[in-house]
Amino acid sequence: MTATALESQLIVGATLFILGVIGFLTRRNLILIMLSAELMLHGVSINLTAFSRYHGNPQGQVFTIFVLTIAACEAGLALSLILSLYQRRKSLDIFLWGKLGEDDLPVFSGSPAPPITVTVDPNVDLPHLTPAGRMPKTQPGPQTKT
Amino acid sequence: MTNWLNENVLWLIPAAPLLACLWIVLVGQVIGRKYAHRPLVLGLAVSLIASLYLLTVVVPHGFGHDEHDASHSVMTTVYQWIKIGTIDVPVTLRADAMSALMLTMVTSVSLLVAIFASSYMKGDPGYPRFFAAMSLFVFSMCMLVLAGNFLLLFVFWEAVGVCSYLLIGFWFHKPSAAAAAKKAFVVNRIGDFGLILGIFLIWQTFGTLDFATLFESPNLINGILAGQPDIFHWICILLFIGAVGKSAQFPLQVWLPDAMEGPTPVSALIHAATMVTAGVYLVARCTPFFVHAPYVQMTVAGIGAATALIAAITALTQYDLKRVLAYSTVSQLGYMFMSLGAAGGGHGLALHAVTFAMFHMFTHAFFKAVLFLSAGSVMHAMGDVIDMRRFSGLRKALPITHWTFLAGALALAGVPLLSGFWSKDEILAVLAAASREGEHAGFYGVILGIALLTSLMTAFYTFRAYFMTFWGEEKFPEEAGHHPHDAPPAMAVPLAILAAAALGIGLLTGPTHLYGHYLHHTPGLPEGHEFPIDWLMMGISSILAAVGIGTAYQLYVVSPKIVENLQRRLSLAYQASQNGLYIDWFGYKFIAAPLRGLAKICEFFDRWVIDTLVDCVGFIPGLFGSIIRPIQNGMVQNYAAVMMLGLVVCLITVLRALAGTH
Amino acid sequence: MEWNEENGLLLIPLGLGCLAVWWLMPSAKQRPRILGGLAALAAILMMQLMLLPPAGDYVRNVLFFLFAAAAVISAGLMITDRNPVYSALWFALVTLAVCGLFLLNSAPFLSASTIIVYAGAIIVTFLFVIMLAQQSGTATSYDQQPIQPAMATIGAFILLGALLFTLQEWGHIDGKSTNQHAEPGQFIALPEGIQPNPLSQAPQDNPHEIGSLRVLGRSLFGDYLFAVEIAGTVLLIATIGAIAIAPRRSQGTL
């Protein structure tokens, strides 16, 4: 029984890791950033199982299980955090959370966001959540000072 | 009891006004604002009694003796002030005959002026403040006279300057008063600079500042004299610069006429009787130094003569009564310096020169105080109008003031047998003696001529002011109201006492040599033979006084038309005199204006060169910061990217290192 | 490390891949995606050629290449897609491909649990949140605008290049498989004096045994019992934390 060459697996792992890094660094959507982090974890997991196979012991796989555990924790916490952030700003844009910068610097927002030019393909039918629970309140108007 | 008094009378003299000052400042501001003068009067009475007692303590043998025995001085060390290494400056009070006499003069005049002021200043919103400053001034003046070393003297030299500043600017909301106070303070700084340089030089030369050590042991001075005789010239000229500033001598006399912006009692006390004579006191006190610097003594005489002449010329045409008196004060101070300078005229003259200067200071304090206070009384009656052109013929309306002013004027003019006559005559006599012998006889001859001319002018301008104010048709300014009232008792009594002193104190102490012989007990004064009475000078000065008074009577009472003619004919000279020979103008144009230009240049340099350099230094870190700062833009991914770059570098380094081991 | 031809050869797929990822990034200007796709394909093919072993288990190699290519291509599409929903779905595909690779590495249990955890829980939750947040279903403006794409891409590919060059130096990627002389510690020498735990040691004659539940369970609850307990605690804490952080109903719903 032969095994796939170790180097090939390492290259695949490294590539996935790098693509995860690129995603983490370039995307502005909070959820996609978290997904990119998961992608990096996948690359690491491939490395671990490959070494496990190469050395003929299960330690690599055991560590992959731990990675899986931590990934699950991370995903749960990240999602709850993202939800509370979303509730504040009603957007998943990470640029809205650039408050760590120097006070006198303008908040970095890159080039202005282009107008959405993509016309929605009517054929694409994404799943929608049906409104549930109590009736959402209408947005309050601008507060008048009393 | 007597022993206790002998030991403690020294500190009692300055302590009483100091306590009065503290009381007025701490309590008097709140309780009994109307009676703020009481602590001062009480304290000054205590001081006066203590001073009189001090006279007997310093020279126990009594007055008439002219023996020059062992040192007559009393010393008390109050407090160990500075003691670092070889520098040892205790707060020592030291009294000898000269200081005892001066203290008597200071405290007596102060007491009378304080009583006068308690009525004069009534109703002023700053009533307690006035008396607090007065108390502080008397304390400082007593300490200045009693100082046992040069550093302490300098401290209180400055303290009286500060009090003068506070009192000139007493009505500080009046811009002219504030400006005058500032001017007095700044001009005094120039003199004080010279004084402290002189003190430094004394320290460096002798290694001590103690009066007792310096003046009572001739060996010390003789030792220095053998090694470096020139040093005395420098010390003396620097000390004299200090005296010039404080005593308003040429060219620093410009502050004194402006100082008349202060309340009149202040003018009488500080700017006529006491503080301005501190310079004379300093030079007299340092006679042991000055006798070794004949050229400086000639300078003293020359400056005194120039001041006396300039001030007298200026006083001829002033219309402001207080200004006439101020220029007269400057002129009389010039007289005193002339007398002090006469010590350079020959051996044996030094003692008499100093004696006569101090005696003139003594008599001048009384008759100038009464003149100023009478002028104050006139102001009081005329509703604070002081321009002589706006009132005249007051001798009916203000009889008391009239008589006291007349007494002071006669004394100042040098009418025979009055106090000014004796002291002025003695100064003329000593100048005449100096011009008769020695190598500088010609110089002193010129000085004597100036002194005689000044004497004539003094008699003229004094009586010009007297006639303009009290003679002629009766005329009141509208500020005075319908019936100007004469001095109330609290003002009249001090006026009467001072007038009596102006008339009699010269006769009492001058020809009897009471003052002179007492002063001769001062340790450190050189020996001198008996000085004969100079009948010639006495006659000349009497004639000059009579001529001056007569001319004034002729011009201002009999035929005032001549004055107008003269004004028209000699308009140039008249203008020059009216404007004080343009010395103020000269000072502004040729000293203040270039200095202002220099300040402008400095300001420009500071603003555009220094500030720019400092800004550049501050700009560089900001520049570096602004290069790096955009990295800290708060975006998580930016930080992650930097982390990744660091990871790349670390990884490559580690991998290369591991590859080496393979 | 000396420079030789193979090193230079490796630069071509690296550069192509870098270019492709950058090209495919969402941007203001619509770029023809096909060009990027072609470049990416070319890069992957070149890598495949380099990785191709001369001989061996063909079925296994083909499967490996298929899974690897699927994982890489899906990952590339995931990070470049404008629509977050599609990205999540591409991520699901990556997960599946990775699970295939796990299977090839004799880790069936791991493969199954990854599918359950990721595809069954994580991705579904992510999709759930995306759809909550972007109910319009259209791509939002911020999804079309990457941050610093050039810097991130180039930097990341430098990292990848560093890894690949190192592997090339050590493992002779050009065809010579390490399988022929598979000795433990070829890459990183085992420290001497440390004996492997005999309990968790798989029988050498049957390499498939290492992924079996028996061996895995023995290792987990033998060697790593303590770590397992800690991992369980961390999970519990994370659960409590997530519940605590998540917005209350009283604070308003999404």
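Residue numbers (my numbering), protein chains in the order written: chain X, 14 to 159; chain E, 118 to 779; chain A, 7 to 260. By construction, the Cβ of each residue, glycine as well, lies at the ideal position given by its N, Cα and C atoms.
*asked:* By DSSP's criteria, residue 603 of chain E is part of a beta bridge. Which residues make up the other side?
replied: Sequence index remark: in the second sequence, residue 603 of chain E carries index 486 (1-based). None, per the DSSP bridge assignment.
*Would residue 227 of chain A pass as a contact of residue 234 of chain A if the rule is Cβ separation under 8 Å?*
Within the third sequence, the letter at position 221 stands for residue 227 of chain A. Within the third sequence, the letter at position 228 stands for residue 234 of chain A. The answer is yes: Cβ separation under 8 Å.
*Using 8 Å as the limit for Cβ to Cβ distance, is residue 69 of chain X near chain A?*
Translated into positions along the first sequence, residue 69 of chain X becomes position 56. Yes, contact with chain A.
*Since residue 211 of chain E is in the beta strand (DSSP E), which residue starts that stretch and which ends it?*
As a first step, residue 211 of chain E must be located in the second sequence, where it is residue number 94. Where residue 211 of chain E is concerned, the enclosing beta strand (DSSP E) stretches over 204 to 213.
*Work out the CA separation of residue 195 of chain E and residue 207 of chain E for me, nearest whole Å.*
Along the second sequence, one-based indexing puts residue 207 of chain E at 90. Along the second sequence, one-based indexing puts residue 195 of chain E at 78. Cα to Cα, the separation comes out at about 8 Å.
*Do residue 29 of chain X and residue 78 of chain A have their C-beta atoms closer together than 8 Å?*
Here residue 29 of chain X refers to the residue found at position 16 of the first sequence. Here residue 78 of chain A refers to the residue found at position 72 of the third sequence. Their beta carbons are under 8 Å apart, which means residue 29 of chain X touches residue 78 of chain A by this criterion.
_If I follow the unbroken alpha helix (DSSP H) through residue 381 of chain E, where does it start and stop?_
Mapped onto the second sequence, residue 381 of chain E falls at position 264. That run of the alpha helix (DSSP H) goes 381 to 385.
_Per-residue contacts from residue 107 of chain X into chain E (C-beta, under 9 Å)_ = Working through the first sequence from its first residue, we reach residue 107 of chain X at position 94. Residues of chain E passing the Cβ test: 752, 753 and 754.
*Roughly how many whole angstroms lie between the Cα atoms of residue 107 of chain A and residue 25 of chain A?*
Against the third sequence, residue 107 of chain A aligns to sequence position 101. Against the third sequence, residue 25 of chain A aligns to sequence position 19. Going by the C-alpha atoms only, they are around 27 Å apart.
*From residue 601 of chain E to residue 496 of chain E, what does the alpha carbon distance come to, in whole angstroms?*
Locating residue 601 of chain E in the second sequence gives position 484, counting from the first residue. Locating residue 496 of chain E in the second sequence gives position 379, counting from the first residue. Cα to Cα, residue 601 of chain E sits roughly 10 Å from residue 496 of chain E.
_For residue 159 of chain A, three-class secondary structure by DSSP_ = Counting from 1 along the third sequence, the entry for residue 159 of chain A is found at position 153. Three-state DSSP puts residue 159 of chain A in a helix.
*Along the segment 33 to 56 of chain X, what residues have a CB closer than 8 Å to any CB found in chain A?*
33, 34, 35, 36, 38, 39, 40, 41, 42, 44, 45, 47, 48, 49, 51, 52 and 55
*List the endpoints of the continuous alpha helix (DSSP H) containing residue 195 of chain E.*
One-based indexing of the second sequence puts residue 195 of chain E at position 78. Not the alpha helix (DSSP H): residue 195 of chain E falls in the beta strand (DSSP E), residues 190 to 201.
_Inter-residue spacing [alpha-carbon to alpha-carbon] between residue 111 of chain A and residue 84 of chain A_ = Here residue 111 of chain A is taken as the residue at index 105 of the third sequence, counted from 1. Here residue 84 of chain A is taken as the residue at index 78 of the third sequence, counted from 1. Rounded to the nearest angstrom, the two C-alpha atoms are 25 Å apart.
*Are the segment 315 to 327 of chain E and the segment 362 to 382 of chain E in contact at 8 Å, needing three or more beta carbon pairs?*
no
*Going by alpha carbons, who is nearest to residue 48 of chain X out of A/56, A/96 and A/38?*
For this step, residue 48 of chain X is matched to residue 35 along the first sequence. Out of A/56, A/96 and A/38, A/96 has the C-alpha closest to the C-alpha of residue 48 of chain X.
*With a 10 Å radius around its C-beta and 16 neighbouring C-beta atoms as the bar for buried, classify residue 161 of chain A as buried or exposed.*
As a working note, residue 161 of chain A is residue 155 in the third sequence. Result: buried.
_C-alpha gap between residue 624 of chain E and residue 706 of chain E, whole angstroms_ = Within the second sequence, numbered from 1, the residue matching residue 624 of chain E stands at position 507. Within the second sequence, numbered from 1, the residue matching residue 706 of chain E stands at position 589. Straight-line Cα distance between these residues: approximately 47 Å.
*Looking at the structure shown, is residue 264 of chain E part of a helix, part of a strand, or coil, going by DSSP?*
Counted from its first residue, the second sequence places residue 264 of chain E at position 147. Strand, per DSSP.
_Rounded to the nearest angstrom, what separates residue 232 of chain E and residue 509 of chain E at their Cα positions?_
Here residue 232 of chain E refers to the residue found at position 115 when the second sequence is read from its first residue. Here residue 509 of chain E refers to the residue found at position 392 when the second sequence is read from its first residue. If you take the alpha carbons of residue 232 of chain E and residue 509 of chain E, they lie about 27 Å apart.
*At least three beta-carbon pairs within less than 8 Å, the segment 512 to 519 of chain E to the segment 421 to 441 of chain E*: no
*Rounded C-beta distance between residue 612 of chain E and residue 445 of chain E? I'm assuming under 8 Å.*
Start at 1 with the first residue of the second sequence, and residue 612 of chain E comes out as number 495. Start at 1 with the first residue of the second sequence, and residue 445 of chain E comes out as number 328. The Cβ separation is near 18 Å, so there is no contact.
*Tell me, to the nearest whole angstrom, how far the beta carbon of residue 352 of chain E is from that of residue 406 of chain E; I am working on the premise that it is less than 8 Å.*
Here residue 352 of chain E refers to the residue found at position 235 when the second sequence is read from its first residue. Here residue 406 of chain E refers to the residue found at position 289 when the second sequence is read from its first residue. Residue 352 of chain E to residue 406 of chain E, Cβ: 6 Å. Contact.
*What are the start and end residues of the alpha helix (DSSP H) that includes residue 74 of chain X?*
Locating residue 74 of chain X in the first sequence gives position 61, where the first residue counts as 1. Its alpha helix (DSSP H) spans residues 72 to 102.
*Does any C-beta atom of chain A lie closer than 8 Å to the C-beta of residue 111 of chain X?*
In the first sequence, the residue the question calls residue 111 of chain X occupies position 98. Taking Cβ atoms only, chain A never reaches closer than 8 Å to residue 111 of chain X, which makes this a no.
*Straight-line Cα distance separating residue 675 of chain E from residue 780 of chain E*: Nothing can be reported for residue 780 of chain E: it is not among the residues displayed for chain E, which extend from 118 to 779.
*Comparing the C-beta of residue 161 of chain A with each C-beta of chain E, is any distance below 8 Å?*
The residue given as residue 161 of chain A occupies position 155 in the third sequence. True, the Cβ-Cβ gap to chain E drops below 8 Å.
*Grab the span of the alpha helix (DSSP H) containing residue 595 of chain E for me, first residue to last.*
By 1-based counting over the second sequence, the position of residue 595 of chain E is 478. Premise fails: residue 595 of chain E is in no alpha helix (DSSP H) and is neither H nor E.
*Per DSSP, the bridge partner or partners of residue 42 of chain X*: On the first sequence, residue 42 of chain X is found 29 positions in, with the first residue counted as 1. X/106, per the DSSP bridge assignment.
_Sub-8 Å separation of residue 555 of chain E and residue 463 of chain E beta-carbons_ = Reading the second sequence from its first residue, position 438 is the one you call residue 555 of chain E. Reading the second sequence from its first residue, position 346 is the one you call residue 463 of chain E. Contact flag set, yes.
*Beta-bridge partners of residue 236 of chain E, as assigned by DSSP*: By 1-based counting over the second sequence, the position of residue 236 of chain E is 119. Answer is none; residue 236 of chain E lacks a bridge partner.
*Cross-chain neighbours of residue 761 of chain E in chain X, by beta carbon under 8 Å*: If you number the second sequence from 1, residue 761 of chain E lands on position 644. Correct list: 34 and 38.
*Could you have a look at residue 651 of chain E and say whether DSSP puts it in helix, strand or coil?*
If you number the second sequence from 1, residue 651 of chain E lands on position 534. Residue 651 of chain E falls in the coil class under three-state DSSP.
*Give the straight-line distance between the Cα atoms of residue 670 of chain E and residue 227 of chain E, rounded to the nearest whole angstrom.*
Translated into positions along the second sequence, residue 670 of chain E becomes position 553. Translated into positions along the second sequence, residue 227 of chain E becomes position 110. So the two alpha carbons sit approximately 33 Å from each other.
*Please determine, among E/441, E/597 and E/499, the residue with the shortest C-alpha to C-alpha distance to residue 576 of chain E.*
Walking along the second sequence from the start, residue 576 of chain E turns up at place 459. Minimum Cα distance to residue 576 of chain E is reached at E/441.
*Beta carbon of residue 661 of chain E, beta carbon of residue 573 of chain E: below 8 Å?*
Taking the second sequence and counting its residues from 1, one reaches residue 661 of chain E at position 544. Taking the second sequence and counting its residues from 1, one reaches residue 573 of chain E at position 456. Yes, the Cβ-Cβ distance between residue 661 of chain E and residue 573 of chain E is below 8 Å.
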